[in-house]
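Single-structure report; data block below.
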Amino acid sequence: METTIENQAFSYKNQDIGNGRGVYISTYGCQMNVNDSDRMYSLLEMANFTPVDNPLEASVIIINSCSIREKPVHKVYSEVGKYKRLKDQNPKLKIGIGGCVGQQEKDKLIKNQPLIDFVFGTDTIDTLPDILQNLIEQESKRKEEKSKIVKAGFAHRDPYHVETLVRNPGVSTFVNITKGCDNFCTFCVVPFTRGREKSRPKTHIMQDIQTLAKRGVKEITLLGQNVNSYESECGTNLAQLMKSIAVETPIERIRFTTSHPKDFDQELMDVIAQHPDKICEYIHLPFQSGNSRILNLMNRGYTREEYLEKIAMIKKTIPNVVLSTDIICGFPGETEEEFQDTLSLVQEVGYETIFAFMYSPRPNTKAAKFEDQVPEEVKSERLQRLFESHNKMAFELARAYENRVLDILVEKKHDDDDKPREGMIKYSGRSRQNKLVYFEAPEAEQGMIGRTVNVKITKAYPAVFRGEMVGSIN
Ligand code: 5AD
Ligand code: SF4
């Protein structure tokens, strides 16, 4: 099938396509959203819909959107616009909006955008097969009987259950352990889009992981908005859950994200330190601002000093730990001096990677109503300075990896323009420190995907490493 992209819009070459039960999901946003799309595909597959990789083969197109930082409605409209031509050519094509934007902007979207056939939220993913089935049935009804908002069906099953819900798990996959968030950081829309925090039962999680291991998964990332507040029905916390996974399952690598500094405790640090063979020594610990007054306004539940104390405990317990973080620049009322505190904290901790964003006012959040909003150009200039100041350190930290041998879990084979040497094949994988590493291996090496191999790093930049395979672990 050929895709024609004109001004980023798609167009059918052949009118016969797009009439079956094919579903295409266009995903943008956070890891949680990617995971949601995977579960949508799996649920739909179970209801006899067919996931397709190309919108031209789809009878249903779903835009699964994230609203954490973007101007979400605009992004959704431009995304819908891309598919307008398909809808003109095939009026039976259904276009739906899911994810956080669907949850928050349901009525507005339906009212303002005639191309949209249905809207659903993050909480009603499991009703998607019913929604689509209803739409198909409505197709045969008279025009005046058709309704646009499809009522949510019943929650038949745990929509986070991976056993039924992961289509192509690959070598490394996410496993949801909590959904929603109760922290109400004043900048964050998540508690409004994903609702109250709920932990999945430990038995479900363990079953999922055992199933995934049987299907060839080697690495899992436990996923939640604040994984440190995980608490199962029998009182198991994150540290105990990770210990059980390390001891009772054949999974080779365990990661977790996202952590909240206020809930990251010594027990968790100890478990990471005690299972160096399984639990990766990589911790993503967002601090958001280096200034205690701003942290208080953000409702983060810790001061700069408390955050730094926690980092010191982590470094003491896990001496080879690699750290990354999230930062917001230009939170309402942030002065230049307060921003300097953010710059200095980055240097003090020595993060290998930072994810930094300009503050963006989100609907329903407290901070959006604060009066002293920082001008766009100041936010943008601070963000740039933050990246520049981090960059120098990031290059130095990366260079320290050159000539080191890392254990790489091989994830993909690459056939791109940058050809490997004669008799070699190009692969990529990740190190325990979450570094993306490209390397070549002899063609004769069999079954590389899913194996852990030793790679000597020859060139290291902050975002990507290159290396040579020097041995194999399994
Ligand atoms: N503006 C900017 N960044 C935000 N984040 C969350 N909400 C906002 C917002 N309103 C960032 C935080 C969070 C990450 C996932 O996104 O840094 O940790
Ligand atoms: Fe948002 Fe704060 Fe919850 Fe993270 S902990 S999802 S930033 S409210």
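Quick note on my numbering: the sequence shown kicks off at 12 and runs consecutively. Heads up, the beta-carbon is just placed ideally off N, CA and C, and yes, glycines get one too. Just so it is clear, the structure is predicted and the values come from calculations on it, not from any experiment.
Same chain, Cβ closer than 7 Å to residue i, neighbours up to 5 away in sequence not counted
i: K162; result: Confidence at K162 is low in this model, with a pLDDT of 39, below 50, so its placement is unreliable and the value that follows should be read with caution. Closer than 7 Å at Cβ, skipping near neighbours: no residue.
i: N331; result: E292
i: N59; result: R32
i: C245; result: K213
i: P261; result: A224
i: D193; result: P202, R207, E208
i: K98; result: L104, I106, L126
i: T247; result: K213
Cβ shell of residue i (< 6 Å), same chain only, five flanking positions each side left out
i: R315; result: G301, S303
i: V182; result: K229, E422, G461
i: P125; result: none
i: P343; result: A378, F381, D383, Q384
i: N465; result: V416, V481, G482
i: V475; result: L447
i: N375; result: F203
i: V357; result: H401
i: E156; result: Low per-residue confidence applies at E156: pLDDT is 49, beneath 50, and the placement is therefore not dependable, though the value from the model is reported in the following sentence. So the list is empty, once near-sequence residues are dropped.
i: S158; result: Residue placement at S158 is poorly supported in this model, since its pLDDT is 47, which falls under 50; the coordinates are not used for a value here.
Contact set for residue i: own chain, Cβ-Cβ below 8 Å, skip 5 residues either direction
i: M253; result: L233, I265, F267, L279, V282, I283, H286, I290
i: V45; result: T38, F185
i: P473; result: E363, T364, N402, A405, F406, L408, A409
i: E413; result: I468, T469, K470, A471
i: E387; result: M369
i: I231; result: S183, T184, F185, V186, I220, L223, I256, I262, R264, I265, R266
i: L354; result: G301, R396, L397, S400
i: M459; result: V421, K424, I436, Y438, A452
Integer Cβ distance of residue i from residue j, believed to fall under 8 Å
i: K377; j: T197; result: 4 Å
i: G434; j: E454; result: 5 Å
i: V360; j: I329; result: Actually they do not touch by this definition, with Cβ atoms about 14 Å apart.
i: L223; j: P180; result: 5 Å
i: A367; j: R373; result: A367 to R373, Cβ: 17 Å. No contact.
i: I256; j: I220; result: 6 Å
Residue i and residue j closer than 8 Å at C-beta
i: D137; j: L54; result: yes
i: K470; j: E479; result: no
i: R477; j: V421; result: no
i: G312; j: K273; result: yes
i: V91; j: I127; result: yes
i: D337; j: Q299; result: yes
i: N75; j: D47; result: yes
i: E259; j: S210; result: no
i: H425; j: S439; result: yes
Residue i versus the options, residue with shortest Cα-Cα distance
i: M43; options: A69, P62, C77; result: C77
i: I147; options: R32, M57, G181; result: R32
i: A250; options: K225, Y412, V475, S270; result: S270
i: I190; options: Q149, N239, N375; result: Just to set this straight, residue 190 is Lys in the shown sequence, not Ile. The shortest Cα separation from K190 among Q149, N239, N375 belongs to N239.
i: P102; options: K225, S70, Y52, Q351; result: S70
i: D134; options: Q115, Q149, I127; result: Q115
i: Y35; options: R80, Q100, I106; result: I106
i: F129; options: V87, P212, Y362, I73; result: I73
i: F350; options: T364, Y362, Y370; result: Y370
i: G132; options: D99, R205, H425; result: R205
i: Y318; options: D276, V333, E345; result: D276
i: C41; options: R80, N59, M51, V63; result: R80
i: A411; options: E347, D427, V333, N375; result: V333
i: F195; options: N310, E263, K98, N59; result: N310
i: G341; options: Y88, L308, T247, P62; result: L308
i: S335; options: I325, K327, P297, E347; result: P297
i: S392; options: D418, K119, E347; result: The residue you asked about is not Ser; residue 392 is Glu in the sequence shown. The shortest Cα separation from E392 among D418, K119, E347 belongs to E347.
i: E150; options: V87, L104, E56; result: L104
i: D288; options: Y88, D418, I339; result: D418
i: N123; options: Y88, K93, Q100, Y94; result: Y88
i: V389; options: I325, E345, R50; result: E345
Do the region 235-243 and the region 134-145 touch if we need at least three Cβ pairs shorter than 8 Å? no
Is there contact here, the region 283-296 with the region 433-452, by at least three beta-carbon pairs under 8 Å? Yes, they touch.
So does the region 215-234 actually touch the region 388-401, counting three or more Cβ pairs closer than 8 Å? no
Give a yes or no on contact between the region 383-391 and the region 449-460, applying the rule of three or more CB pairs nearer than 8 Å. no
Do the region 109-116 and the region 186-206 make contact, defined as three or more Cβ pairs closer than 8 Å? A contact is defined here as three or more CB-CB pairs under 8 Å, and the region 109-116 meets this definition with respect to the region 186-206.
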